[in-house]
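Visitor: Would you mind keeping the following structure in view while I ask a few things?
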Amino acid sequence: MALAFPVILILLGATYYFMDPASKMHLIQCPWRLLTGTLCPACGSQRALHAVVHGHWIEAWKYNYFFVISIPYALAAVLVSWYNFGNRLDGLKRIVFHPFVLRTYVVLFFAWWIVRNLLGI
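This is the structure:
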């Protein structure tokens, strides 16, 4: 799996580099939004990912704040889980997977879901 992740990441990045989800050809439409008409926490993530792979971080931020904020955390989680380099990253692993950090992330996830629908972001 450790080797598959970079390959999948490169393929996903290439897909979003060459295919613009903001065009009429959507890669995947949000089933939550189709059913309810409201935004889920991940709505805008495809467009944000497209902006990130093009180096347009401010544009990505406008599409989905939480996605952009989650990138460093997700990369740290993958790094300490699959590429710990002889347990050299155990300190970071304890932080990333600490129950307080995980609970905070979940609370922020749901708070983002509520706030973005209330404020229409």
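When we follow the working numbering, the leftmost residue of the sequence shown carries the number -1, and every step to the right adds one. Where is the CB? At the ideal position from N, CA and C, for every residue including glycine.
In three-state terms, what does DSSP make of Asn115?
Guide: Taking the first residue of the sequence shown as 1, we reach residue 115 at position 117. Three-state result, Asn115: helix.
Visitor: Rounded to whole angstroms, how far is the Cβ of Arg45 from the Cβ of Tyr61, which I believe are closer than 8 Å?
Guide: For the purposes of this step, residue 45 is identified with residue 47 of the sequence shown, where counting begins at 1. For the purposes of this step, residue 61 is identified with residue 63 of the sequence shown, where counting begins at 1. Arg45 to Tyr61, Cβ: 4 Å. Contact.
Visitor: In terms of residues, what are the limits of the alpha helix (DSSP H) holding Phe64?
Guide: By 1-based counting over the sequence shown, the position of residue 64 is 66. Per DSSP, Phe64 belongs to the alpha helix (DSSP H) from Tyr63 to Trp80.
Visitor: Pull up the distance between the alpha-carbon of Val94 and that of Val105, whole angstroms please.
Guide: Looking up residue 94 in the sequence shown gives position 96. Looking up residue 105 in the sequence shown gives position 107. Approximately 15 Å between the Cα atoms of the pair.
Visitor: Among Ile26, Ile6, Ala2 and Pro39, which has the Cα closest to the Cα of Tyr103?
Guide: Numbered from 1 along the sequence shown, position 105 holds the residue referred to as residue 103. When each option's Cα is compared against that of Tyr103, the closest is Pro39.
Visitor: For Asp18, does the three-state DSSP call read helix, strand or coil?
Guide: If you number the sequence shown from 1, residue 18 lands on position 20. The answer is coil: DSSP assigns Asp18 none of H, G, I, E or B.
Visitor: Between the beta-carbon of Ser79 and the beta-carbon of Phe65, is there less than 9 Å?
Guide: Taking the first residue of the sequence shown as position 1, residue 79 is located at position 81. Taking the first residue of the sequence shown as position 1, residue 65 is located at position 67. Cβ distance not < 9 Å, so Ser79 and Phe65 don't count as in contact.
Visitor: Using the three-state DSSP reduction, which class does Gln44 fall into: helix, strand or coil?
Guide: The residue given as residue 44 occupies position 46 in the sequence shown. Reduced to three states, the DSSP call for Gln44 is helix.
Visitor: Would Ser68 be called buried (16 or more neighbouring beta carbons within 10 Å of its own) or exposed?
Guide: For the purposes of this step, residue 68 is identified with residue 70 of the sequence shown, where counting begins at 1. Answer is buried; the Cβ neighbour count reaches 16.
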